[in-house]
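Below is one structure, written out as C-alpha cells, with a few remarks after it.
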Amino acid sequence: MPRYDFRCRSCGATFELRRTMARANDPAVCPDGHPDTVKLLSTVAVTGAASGGAATAPAPSGGGGCCGGGCCG
Numbered sequence: 023m024p025r026y027d028f029r030c031r032s033c034g035a036t037f038e039l040r041r042t043m044a045r046a047n048d049p050a051v052c053p054d055g056h057p058d059t060v061k062l063l064s065t066v067a068v069t070g071a072a073s074g075g076a077a078t079a080p081a082p083s084g085g086g087g088c089c090g091g092g093c094c095g
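Each residue of the sequence shown is one higher than the one before, starting from 23 at the first, in the numbering used here.
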C-alpha cells in the first residue's frame, strides 16, 4: 500500500499515512488531532545497477535543436 506524506498547518508536524491510491487525496488528521493538513509532494529516487547486477549506460540522446533544413536561421 502506498505511503503519503502530510504536514500539519497548525503545529508543523510532518507525518506519513499508508492508504490506498483511491484515498490518496482524502483529508488527513495529524497525530495531535489537528485537521488542517496538506499532502506533500513525494519524490522517488531509483539508483543502483540494473537487475542482474550489471550497470547500464545511459540511453543516447535524440539530439534536438535545429533540423538542418535551413529553417532555423
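Even for Gly, the Cβ is constructed at its ideal location relative to N, Cα and C. Since the structure is predicted, the reported quantities are computational estimates derived from the model, not experimental observations.
Helix, strand or coil at Arg45 according to DSSP, with G and I counted as helix
Counting from 1 along the sequence shown, the entry for residue 45 is found at position 23. Helix at Arg45.
Mind checking which residues open and close the beta strand (DSSP E) that includes Thr59?
For this step, residue 59 is matched to residue 37 along the sequence shown. From DSSP, the beta strand (DSSP E) with Thr59 extends over Thr59 to Lys61.
Look up Cys52 in the DSSP assignment and say whether it is helix, strand or coil.
Here residue 52 corresponds to residue number 30 of the sequence shown, with the count starting at 1. Of the three classes helix, strand and coil, the one that applies to Cys52 here is coil, per DSSP.
Ser64 versus Phe28 - alpha carbon distance
Taking the first residue of the sequence shown as position 1, residue 64 is located at position 42. Taking the first residue of the sequence shown as position 1, residue 28 is located at position 6. Looking at the two C-alpha atoms, the distance is approximately 10 Å.
Helix or strand or just coil, what does DSSP make of Cys30?
The residue given as residue 30 occupies position 8 in the sequence shown. Looking at Cys30 - three-state DSSP - the assignment turns out to be strand.
Using DSSP with H/G/I as helix, E/B as strand and the rest coil, what is Thr65?
Working through the sequence shown from its first residue, we reach residue 65 at position 43. Reduced to three states, the DSSP call for Thr65 is coil.
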